[in-house]
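Engineer: Below is one structure. I have some questions about it.
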Amino acid sequence: MKACYETKWISPNHHALGELPGRFHPVVEKILVNRGVKETAQMEEFLSECPQLTHDPFQMKGMDKAVTLIIDALNKKQKIVFYGDYDVDGMTSVALLLDFFYPMTSNIEFYIPLREEEGYGLNREALLEIKEDYQADLVVTVDCGISAVEETEYAKKIGLKLIITDHHMPGDQLPDTVVVNPKQPDCDYPFKELSGCGVAFKLAQALQKKLQIPKTRLTNLLDLVALATVCDVVPLRDENRTMVKYGIQKMRTTQRPGFQALLEVLSIPKEQVGVRELGFRIGPHFNASGRIDDARMGVQLLVTRKRQTALMLAERLRCLNDKRRKIQEIGLDRCHQLVVEKFHEHSFLVVDSEELHEGVIGIIAGRLRDAYYRPTLVLTPAKEKGIYTGSGRSVEGFHLFNELKPASHLMERFGGHANACGLKIREENIHQLRDYLQQRVLKVQEQIPDLLMKKIHVADHILPEDLSEEFVETIKRLEPYGMGNEKPYFLMKHIQVGVNSHIKFMGEEGQHLKISQFMQAGEKDVSNIEIISFGISDEHRKLCSQPDAPYDLVFFPQVNEFRGNRRIQMLMLDVKQAAKHPD
């Protein structure tokens, strides 16, 4: 699907940066300063292969009480159940606490609700089952529970103690129990953007400090935190960056049978594991179990110590992910059809269909958002009669949770954050919610006229002679990339096809492009750099191929090695016709 939106390139005002420290490459320093990393010590920490930035877990509101309650349960040999969400963040959170607690007690179990039958978060039936069948005394939630006000009262009624650990935005009323969430009011924790697994890790860290447990018990859990942090798309800065860096190192030497098996099944060499592999290959296989089957098998894969069990579960996840992709593509095609037929003029896409699988509507919402660059909500019937389940994705500048909050009376329940949400709504209220969200986007556009233009933040304007293998290696020090620390994109102006240029279209439908030996500013051939684009649009294809049409290119630099030959490549992100005269 071709992109159906305009783009806006935003270049930094380097004149406003002030004097740079001069300790690192000037381009790297410009990027860091523009991302709020301004002091030399901060830059050294950010670029370090061995970052040290972390925060005292006891700064988090509720942590003292949670630790006291857990230690009391351990001393009394009480049953503890970890209750998680059915996505990667929830699965890794549960696995992390199981791994951490197993050496202290075997009197622990876990519970993850079934997506279609139970829905997200705590529910009464599950709490009753945990009390009566599991014989539990204490429930610790991970990655959920912050909105479970009524369920918390029910847990008290049936004699269950409850600790809620979560990272989602709280509503107007907090559950009346011990809550550990950096986003709750009056919490002094200095970093608010942890994943659910990150919060679970801080709980483990607090217990490690209190009980004087060896730190290796914590470092062995960082592979799980890295997977969750990347897949839950929380900002890769502050201590998230620390945990992901060490977590990726841990993954590359992993002794965890579940990860070893999955990497083997997916043919991913351990030494190649990075953010992209976590986010686009490994994570989706865990999510597939929660989307269309049972998330418990994902937890079982993460905690098993048996190789044959791990291989069996990894193969099941691979098959489930293949099935998920097919279901998703059918649903996405249907939603594109609905947008074209009914909603193409809407600034907020609210697409409802009975033909979708509830487990993939979040992915579909993200794909529609990316295709049309509009905030998007996708809805499909839930198990309860007359109720629809919805999943939303937003664009930069439109805070989805805050915008939905005034319309909470239209929904049975909702939760989320700036970029994503989940909700339940009665079918008869969908039209009213659609109208409300449409009006809200128009209102926000009055303050942000370019709200529905995709912003591409350009790190710097560079020339061909600036590009070298040394420069690419220098830029790699900014890794790992992700939300809050995106890949730096660069602008090169007045590129055009010359008489010596070689243009090649690749792929079954010629959807990929490679240009060798282009010209820059019409003056000289550039022979040591290739331009490459995957999934190029017809408009961009035409522009890049015309000898008399100079264009400006936004790209990411990389080194490609093929059969022993190394070439610098400019991986195209966007292209526009150049102004008549170069700067």
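Residue numbers (our numbering): 9 to 591.
Every residue, glycine too, gets a C-beta built ideally from N, C-alpha and C.
All values derive from a computational prediction rather than experimental measurement.
Just to check my reading of the structure: Ile120 and Val102 have Cβ atoms closer than 8 angstroms, yes? What is that Cβ distance to the nearest angstrom?
Structural biologist: Looking up residue 120 in the sequence shown gives position 112. Looking up residue 102 in the sequence shown gives position 94. Between Val102 and Ile120 the Cβ distance is about 7 angstroms, and since that is below 8 angstroms, they are a contact.
Engineer: Give the secondary structure of Cys152 by DSSP, where H, G and I count as helix, E and B as strand, and everything else as coil.
Structural biologist: Residue 152 sits at position 144 when you count from the first residue of the sequence shown. If DSSP states are grouped into helix, strand and coil, Cys152 belongs with coil.
Engineer: In the structure shown, what three-state DSSP assignment does His469 receive?
Structural biologist: Here residue 469 corresponds to residue number 461 of the sequence shown, with the count starting at 1. Residue state, collapsed to three classes: strand.
Engineer: By DSSP, does Leu521 sit in helix, in strand, or in coil?
Structural biologist: In the sequence shown, the residue the question calls residue 521 occupies position 513. Note: Leu521 maps to strand in three-state DSSP.
Engineer: Which partner residues of Ile537 appear in the DSSP bridge assignment?
Structural biologist: Position 529 of the sequence shown, counted from the start, is the residue given in the question as residue 537. Per DSSP, Ile576.
Engineer: How many whole angstroms separate the CB atoms of Cys152 and Gly206, which I take to be in contact at a CB cut-off of 8 angstroms?
Structural biologist: In the sequence shown, counting from the first residue as 1, residue 152 sits at position 144. In the sequence shown, counting from the first residue as 1, residue 206 sits at position 198. In fact, because the Cβ distance is near 14 angstroms, the residues do not count as touching under 8 angstroms.
Engineer: Below 6 angstroms CB to CB, which residues in the same chain sit around Arg377 once its five sequence neighbours on both sides are set aside?
Structural biologist: Your numbering for residue 377 matches position 369 in the sequence shown. The answer, listed in chain order, is Thr384 and Arg401.
Engineer: Does any CB atom of chain D fall closer than 8 angstroms to the CB of His520?
Structural biologist: Going by chain labels, chain D is absent from the structure shown, which holds only one protein chain.
Engineer: If you run the structure through DSSP and keep just helix, strand and coil, what is Gly179?
Structural biologist: Translated into the one-based positions of the sequence shown, residue 179 becomes position 171. Coil at Gly179, not helix or strand.
Engineer: Who are the Cβ neighbours of Thr262 in its own chain at under 7 angstroms, not counting the five residues just before and after it?
Structural biologist: Along the sequence shown, one-based indexing puts residue 262 at 254. Cβ within range, chain order: Asp231, Gln268 and Lys278.
Engineer: What alpha helix (DSSP H) runs, 4 residues minimum, are completely inside the segment 61-100?
Structural biologist: Here the runs fully enclosed are 71-83.
Engineer: Give the secondary structure of Val283 by DSSP, where H, G and I count as helix, E and B as strand, and everything else as coil.
Structural biologist: Here residue 283 refers to the residue found at position 275 when the sequence shown is read from its first residue. Here Val283 sits in helix by DSSP.
Engineer: Considering only residues of the segment 291-333, which uninterrupted alpha helix (DSSP H) runs meet the minimum length of 4 residues and lie entirely inside it, listed in chain order?
Structural biologist: Counting whole runs of 4 or more residues, the segment 291-333 contains the alpha helix (DSSP H) stretches 291-300 and 304-311.
Engineer: In chain order, which continuous runs of the alpha helix (DSSP H) of length 4 or greater are located wholly inside the segment 179-229?
Structural biologist: For the segment 179-229, whole alpha helix (DSSP H) runs of length 4 or above, ordered along the chain, are 204-219 and 224-227.
Engineer: Taking the alpha carbon of Phe563 as the point to measure from, which residue in Ile540, Arg574 and Asp546 has its own alpha carbon closest?
Structural biologist: What you label residue 563 is simply residue 555 of the sequence shown in a count that begins at 1. Nearest of Ile540, Arg574 and Asp546 to Phe563, Cα basis: Ile540.
Engineer: Count the CB pairs spanning the segment 172-192 and the segment 440-456 that are closer than 8 angstroms, and state whether there are at least three.
Structural biologist: The segment 172-192, when compared against the segment 440-456, does not touch it at the 8 angstroms Cβ threshold.
Engineer: Take the Cβ of Gly605 as the centre, count every other Cβ of all protein chains shown within 10 Å, and call the residue buried at 16 or more, exposed below.
Structural biologist: Outside the displayed span of the chain (9 to 591) sits residue 605, for which this structure offers no information.
Engineer: With DSSP collapsed to three states, give me the class of Arg260.
Structural biologist: Here residue 260 is taken as the residue at index 252 of the sequence shown, counted from 1. Arg260 falls in the helix class under three-state DSSP.
Engineer: Using a Cβ-Cβ cut-off of 6 angstroms (strictly less than) and excluding sequence neighbours within five positions of Lys584, which residues of its own chain qualify?
Structural biologist: Taking the sequence shown and counting its residues from 1, the one referred to as residue 584 is at position 576. Around Lys584: Asp560.
Engineer: Could you tell me the alpha carbon to alpha carbon distance between Met259 and Gly287, rounded to whole angstroms?
Structural biologist: Position 251 of the sequence shown, counted from the first residue, corresponds to residue 259. Position 279 of the sequence shown, counted from the first residue, corresponds to residue 287. So the alpha carbons of these two residues sit roughly 13 angstroms apart.
Engineer: Please go through the same chain and pick out, in chain order, the residues whose beta-carbon is closer than 7 angstroms to the beta-carbon of Pro59, but skip the five residues on each side of it.
Structural biologist: One-based indexing of the sequence shown puts residue 59 at position 51. Here the set comprises Glu53, Arg249, Thr250 and Lys253.
Engineer: Would you tell me roughly how many angstroms separate the C-alpha atoms of Glu247 and Asp240, rounded to the nearest one?
Structural biologist: Reading the sequence shown from its first residue, position 239 is the one you call residue 247. Reading the sequence shown from its first residue, position 232 is the one you call residue 240. Each residue's Cα considered, the two are about 15 angstroms apart.
Engineer: Check Phe406 in the structure and name its three-state DSSP category.
Structural biologist: As a first step, residue 406 is located in the sequence shown; it is residue number 398 there, counting from the start. It is coil, neither helix nor strand.
Engineer: Is the beta carbon of Pro488 less than 8 angstroms from the beta carbon of Ile256?
Structural biologist: For this step, residue 488 is matched to residue 480 along the sequence shown. For this step, residue 256 is matched to residue 248 along the sequence shown. It is a contact, given that the beta carbons lie within the stated cut-off.
Engineer: Kindly indicate which residue of Ser297, Ile464 and Phe479 has the alpha-carbon position closest to the one of Lys331.
Structural biologist: In the sequence shown, the residue the question calls residue 331 occupies position 323. Of Ser297, Ile464 and Phe479, the residue nearest in Cα terms is Ser297.
Engineer: Let's see if you can read the secondary structure: which residues bound the beta strand (DSSP E) around Ala49?
Structural biologist: The residue you call residue 49 lines up with position 41 of the sequence shown. Per DSSP, Ala49 belongs to no beta strand (DSSP E); it is in the alpha helix (DSSP H), Thr48 to Leu55.
Engineer: Report the residue from Tyr380, Ile335 and Ser155 whose alpha carbon sits nearest the alpha carbon of Ile369.
Structural biologist: Counted from its first residue, the sequence shown places residue 369 at position 361. Of the candidates Tyr380, Ile335 and Ser155, the one whose C-alpha sits nearest the C-alpha of Ile369 is Ile335.
Engineer: Rounded to whole angstroms, what is the Cα-Cα separation between Lys69 and Val188?
Structural biologist: One-based indexing of the sequence shown puts residue 69 at position 61. One-based indexing of the sequence shown puts residue 188 at position 180. For Lys69 and Val188, the distance between alpha carbons rounds to 6 angstroms.
Engineer: Taking just the CA atoms, how far does Ala303 sit from Leu122?
Structural biologist: Residue 122 sits at position 114 when you count from the first residue of the sequence shown. Residue 303 sits at position 295 when you count from the first residue of the sequence shown. Straight-line Cα distance between these residues: approximately 7 angstroms.
Engineer: Quick one: Cα of Lys191 to Cα of Leu364, how far?
Structural biologist: Taking the sequence shown and counting its residues from 1, the one referred to as residue 191 is at position 183. Taking the sequence shown and counting its residues from 1, the one referred to as residue 364 is at position 356. In a straight line, the C-alpha of Lys191 is about 33 angstroms away from that of Leu364.
Engineer: Do you know how far the Cα of Leu460 is from the Cα of Ile503?
Structural biologist: Taking the sequence shown and counting its residues from 1, one reaches residue 503 at position 495. Taking the sequence shown and counting its residues from 1, one reaches residue 460 at position 452. Each residue's Cα considered, the two are about 28 angstroms apart.
Engineer: Can you give me the start and stop residues for the beta strand (DSSP E) that Ile171 sits inside?
Structural biologist: Translated into positions along the sequence shown, residue 171 becomes position 163. Per DSSP, Ile171 belongs to the beta strand (DSSP E) from Lys169 to Thr173.
Engineer: Leaving aside the five residues before and after Glu477 along the sequence, list all residues of the same chain whose C-beta is less than 6 angstroms from its C-beta, in chain order.
Structural biologist: Here the question's residue 477 lines up with position 469 in the sequence shown. Here the set comprises Val567.
Engineer: Would you identify the three-state DSSP class for Val480, choosing helix, strand or coil?
Structural biologist: Indexing the sequence shown from 1 puts residue 480 at position 472. Three-state DSSP puts Val480 in a helix.
Engineer: Could you check what DSSP says for Asp591 in three-state terms: helix, strand or coil?
Structural biologist: In the sequence shown, the residue the question calls residue 591 occupies position 583. Note that Asp591 has pLDDT 48, beneath the 50 cutoff, so the model's placement of it is unreliable and the number below is only indicative. Reduced to three states, the DSSP call for Asp591 is coil.
Engineer: Is it the case that the Cβ atoms of Phe351 and Met99 are separated by a distance below 8 angstroms?
Structural biologist: Counting from 1 along the sequence shown, the entry for residue 351 is found at position 343. Counting from 1 along the sequence shown, the entry for residue 99 is found at position 91. Not a contact, by the Cβ cut-off of 8 angstroms.
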